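*Asks:* Sharing a structure below in structure tokens format, with a few things to ask.
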């Protein structure tokens, strides 16, 4: 990516509302904004997320939100696994204008806790029914899949949810050799999931009724 703003890009997803554009985000310490890039890596637009904080943004995904389509941003990075709660933001996918000034948009905020202890998470997907899939990096000795139902977004702010342990995945983490989960992709039907480490890609079938993953 050619722009200095993208030196620490942390996640990417292809835009639906803006042809030939990919949304990306910066890692911890970067401004709370979405960056739009084209196929050459050139910056095509910026969207500043109002009243958001980039503690450690790690993943971005597209998914439904009511009758609209939203960009989901996972502020779920936690290298020391010390955060008592993490945050997922979502906002209706913006349509880029032709000017140079950044867009400014508000986002919904969902505070998330895990049922056992804090986890470092760099992988997120959103199913067709709005359920969120989070997969841990593997720092604690296992790679776990957690789910959050779409109903977590109902009601007024502030919103919070307890993630549900979905599966312990048959991937043995080896942090020193690069077997640590850094991202995932879900197919449009929500029936297949590809989970990537620094060196490998693992394919899973996903049950759209339960969200369970099987190799």
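In the numbering used here, the protein residues as written are -2 to 212.
All C-beta atoms, glycine included, are put in the ideal place defined by N, C-alpha and C.
As the structure is a prediction and not an experimental result, all values here were calculated from the model.
Please report how far the alpha carbon of residue 203 lies from the alpha carbon of residue 210, in whole angstroms.
*Replies:* Taking the straight line joining both Cα atoms gives about 5 angstroms.
*Asks:* Return the chain-ordered ranges of every alpha helix (DSSP H) run that is complete within the stretch 66 to 153 and spans a minimum of 4 residues.
*Replies:* Correct list: empty.
*Asks:* Counting only runs that start and end within the stretch 162 to 187, where is the beta strand (DSSP E) found for 3 or more residues in a row?
*Replies:* 178 to 183, all fully within the stretch 162 to 187.
*Asks:* With respect to the beta strand (DSSP E) encompassing residue 54, which residues constitute its N-terminal and C-terminal limits?
*Replies:* Element bounds for residue 54: n/a, residue is neither H nor E.
*Asks:* Alpha carbon to alpha carbon, how far is residue 37 from residue 44? Give it in angstroms, no decimals.
*Replies:* Roughly 19 angstroms separates the two Cα atoms.
*Asks:* Mark residue 192 as exposed unless 16 or more other C-beta atoms lie within 10 angstroms of its C-beta, in which case mark it buried.
*Replies:* Its Cβ being crowded by 16 or more others within 10 Å, residue 192 is buried.
*Asks:* Which residue or residues does DSSP assign as beta-bridge partners of residue 202?
*Replies:* Bridge partners of residue 202: 189 and 211.
*Asks:* Determine whether the beta carbon atoms of residue 117 and residue 75 lie at a separation below 9 angstroms.
*Replies:* Yes, they are a contact pair.
*Asks:* Whose CA, out of 184, 198, 185 and 144, lies closest to the CA of residue 167?
*Replies:* The residue with the shortest Cα to Cα distance from residue 167 is 198.
*Asks:* Spell out the partners DSSP gives residue 13 in its beta bridges.
*Replies:* According to DSSP, which records beta bridges pairwise, residue 13 is partnered with nothing at all.
*Asks:* Using DSSP with H/G/I as helix, E/B as strand and the rest coil, what is residue 197?
*Replies:* Here residue 197 sits in coil by DSSP.
*Asks:* Which residue comes first and which comes last in the beta strand (DSSP E) that contains residue 25?
*Replies:* From DSSP, residue 25 is part of no beta strand (DSSP E); its letter is neither H nor E.
*Asks:* Between 67, 107, 93 and 122, which lies nearest to residue 186 when the distance is taken from Cα to Cα?
*Replies:* Considering only alpha carbons, the answer is 122.
*Asks:* Where does residue 7 fall in DSSP's three states?
*Replies:* DSSP places residue 7 in strand when its eight states are reduced to three.
*Asks:* So what's residue 60 in DSSP terms, helix, strand or just coil?
*Replies:* Of the three classes helix, strand and coil, the one that applies to residue 60 here is strand, per DSSP.
*Asks:* Would you call the stretch 52 to 62 and the stretch 16 to 26 touching, i.e. three or more CB-CB distances under 8 angstroms?
*Replies:* These segments touch.
*Asks:* Which stretch, first to last residue, makes up the beta strand (DSSP E) that contains residue 44?
*Replies:* Start and end: 40 to 47.
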